[in-house]
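See structure below.
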Amino acid sequence: MTTKDDDTAKPSEAATAQTKQSSSTGSAEFEPPLACVRRMLKNTLPTNTNVGKDACSAFSRACGIFIIYLTACANDFARESKRQTITANDILAAIEEIDFEEFSPKLNAFIEKHRAMEKKKKERKKSEDLAKASTTPIKREREEEGTEDKAEGTDVDDTPNKKQKLDEDVEATPAKDENEKETTVEDGENEE
């Protein structure tokens, strides 16, 4: 005979086990690939330093855990501002919250550079769109017709030069009579 306490205890134990399992696989989702970790270590450490496979795995795991922790802190800042989207400012605030202030200047410089590049890209696209829009419909039609004429001119059968050469070749070759054709055929038959 089971009691209510036993029934409620079993689901909570299962839920706890499931939570532990999901948290362990959750950080694995955020771990960078081992090849990337090895490359970062190789580029960062002195040339004579060797890193074992287990150390690379530990670095990768630590990266995943750090990403989850930073994301949770940034999410808290976003929710305090009554937003659901995490912004770059939330990440910067979270970096300072978890006592990594020394990275803030580099991150700020990177974010400013990224925003400037995006702004230039947007302005370039806008100017290209304005340039296309500034041409009148008649000019666009003429340009399109001009490109179609050029495309037709590149075709072997439609080029005016080819037509002219074909006409000249026809005029230059003498026309043969039907009798001449027969005689040549008869000559060929006589030889057999």
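Numbering (the UniProt record's numbering), first residue to last: 1 to 192. From the three backbone atoms N, C-alpha and C, an ideal C-beta is built for every residue, glycine too.
Under 8 Å between the Cβ atoms of residue i and residue j?
i: Arg-56; j: Arg-38; result: The sequence shown places Cys at residue 56, rather than the Arg named in the question. Yes. Within cutoff.
i: Phe-30; j: Ile-68; result: yes
i: Ala-41; j: Phe-59; result: Going by the sequence as given, residue 41 is Leu instead of Ala. Yes, the Cβ-Cβ distance between Leu-41 and Phe-59 is below 8 Å.
i: Leu-70; j: Ile-111; result: no
Can you give me the Cβ contacts of residue i inside the same chain, cut-off strictly under 6 Å, excluding the 5 residues immediately before and after it?
i: Ala-133; result: none
i: Ser-23; result: For Ser-23, the pLDDT reaches just 49, beneath the cut-off of 50, and the residue's location in the model is therefore unreliable, leaving the point undetermined.
DSSP state of residue i, grouped into three classes?
i: Ile-108; result: Sequence inspection shows Asn at residue 108; the Ile mentioned does not correspond to that position. In this structure, Asn-108 counts as helix in the three-state DSSP scheme.
i: Thr-85; result: coil
i: Phe-100; result: coil
i: residue 242; result: An answer regarding residue 242 cannot be provided, because it is not within the stretch 1 to 192 covered by the chain.
Can you list, in chain order, the residues of its chain with a C-beta nearer than 7 Å to that of residue i? Leave out the 5 residues immediately preceding and following it.
i: Asp-7; result: Interpretation of Asp-7 is limited by its pLDDT of 46, a score under 50 that renders its predicted location unreliable; the figure taken from the coordinates is listed afterwards. Hits under 7 Å: none found.
i: Glu-118; result: none
Could you give the first and the last residue of the continuous alpha helix (DSSP H) run that contains residue i?
i: Thr-71; result: 53-80
i: Asp-90; result: 88-97
i: Glu-41; result: Reading off the sequence shown, one finds Leu at residue 41, where the question assumed Glu. 34-44 is the span of the alpha helix (DSSP H), which, as asked, contains Leu-41.
Kindly list the residues whose CB is nearer than 8 Å to the CB of residue i, restricted to its own chain and excluding five residues on each side of it in sequence; keep chain order.
i: Asn-48; result: none
Touch test, the stretch 90-106 against the stretch 69-82, Cβ-Cβ under 8 Å, three pairs minimum: Flag = yes, the stretch 90-106 and the stretch 69-82 touch.
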